[in-house]
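Remarks on the structure that follows.
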Amino acid sequence: MFATVMNAVFLLATMESIGIPTCVQIAFCMSEVAEPYILRRAVMHLEKGRVVIFAVGTGNPFFTTVTAAAFGCAESSIFLSSQN
383 MFATVMNAVF LLATMESIGI PTCVQIAFCM SEVAEPYILR RAVMHLEKGR VVIFAVGTGN
443 PFFTTVTAAA FGCAESSIFL SSQN
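Just so we're aligned, residue 383 is where the sequence shown starts under the working numbering, counting upward by one.
Now the structure itself:
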């Protein structure tokens with residue numbers, strides 16, 4: 383889970399360095415790094431033209447962090463995923 387947050391913060395820094403307004407939302411309290419996942423706040427960011435990165439997990443075995451991100455993105459009506 384921490385690696386997911388680290389990747390999200392790296393992506394945030396990269397996108398902001400080229401002028402793309404971005405924010406990261408995570409599923410647990412880590413206020414120094416990112417804001418907590420709140421649907422209303424995510425939608426507000428999207429309406430302001432920001433990219434919202436969901437760095438979240440479900441806390442359940444056999445589910446990847448992509449599952450939780452898909453839940454958040456489904457609530458926000460958009461889902462873009464990048465994996466290797």
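Built from N, CA and C at the ideal position, the CB exists for glycine as well. Just so we're clear, the structure is a prediction, and the values are computed from it rather than from any experiment.
What residue does the alpha helix (DSSP H) around residue i start on, and which one ends it?
{"i": "residue 438", "result": "Run containing residue 438: none; DSSP gives neither H nor E here."}
{"i": "residue 425", "result": "421 to 429"}
{"i": "residue 389", "result": "384 to 399"}
So is residue i buried or exposed if we call it buried at 16+ other beta carbons inside 10 Å?
{"i": "residue 386", "result": "buried"}
{"i": "residue 394", "result": "buried"}
{"i": "residue 451", "result": "buried"}
Residue range of the beta strand (DSSP E) that residue i falls in?
{"i": "residue 404", "result": "404 to 408"}
Between the options, which has its C-alpha nearest residue i's C-alpha?
{"i": "residue 416", "options": "438, 430 and 442", "result": "438"}
Mind checking who residue i pairs with in its DSSP beta bridge?
{"i": "residue 433", "result": "404"}
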